[in-house]
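In numbering that gives the first Met the number 0, the protein residues as written are 0 to 89.
I have placed the structure first, in the form of structure tokens, so that the comments after it can refer back to it.
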Amino acid sequence: MPLTATDRESMPRFLIASDDTGERDFVVHCHYPSFILEFMEDQGVPCFIDSEEEFIATERAAGRDPGATMTRLIREAGEFFDANAKQDDA
């Protein structure tokens, strides 16, 4: 069953995950648009859970630049990861 907007908003905005070896780190963006962000060489590479095409169309219909929105979300995911990774190191 797909999550409703209300369901998504009740979830944490970001979650941190790693693979079973602990060598690959990810941040999951749980709100719309849902995506998994893998960090590779100081760069976040998103893998969309929601439809990327639908997200782009929705952003454009709202008069927003989808690239700017994703850039902001990737930056915020990175900041979340950095803040939580520092807590784990403490």
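C-beta: ideal position from N, C-alpha, C; glycine also.
For this session: Could you have a look at residue 73 and say whether DSSP puts it in helix, strand or coil?
Result: The residue you call residue 73 lines up with position 74 of the sequence shown. Helix, per DSSP.
Exercise. Which partner residues of residue 17 appear in the DSSP bridge assignment?
Worked result: Here the question's residue 17 lines up with position 18 in the sequence shown. Answer by DSSP bridge pairing, in chain order: 24.
Exercise. Within this structure, are the beta carbons of residue 37 and residue 23 separated by less than 8 Å?
Worked result: For the purposes of this step, residue 37 is identified with residue 38 of the sequence shown, where counting begins at 1. For the purposes of this step, residue 23 is identified with residue 24 of the sequence shown, where counting begins at 1. In this structure, residue 23 lies closer than 8 Å to residue 37 by Cβ.
Exercise. To which residues does DSSP link residue 46 through a beta bridge?
Worked result: Reading the sequence shown from its first residue, position 47 is the one you call residue 46. BP columns for residue 46 point to 35.
Exercise. So is residue 69 buried or exposed if we call it buried at 16+ other beta carbons inside 10 Å?
Worked result: Start at 1 with the first residue of the sequence shown, and residue 69 comes out as number 70. By the neighbour-count criterion, in which 16 or more other beta carbons inside 10 Å mark a residue as buried, residue 69 falls on the buried side.
For this session: Determine the contact status of residue 31 and residue 7, defining contact as a CB-CB distance below 8 Å.
Result: Along the sequence shown, read from residue 1 onward, the residue named residue 31 stands at position 32. Along the sequence shown, read from residue 1 onward, the residue named residue 7 stands at position 8. Result yes, Cβ atoms of residue 31 and residue 7 sit closer than 8 Å.
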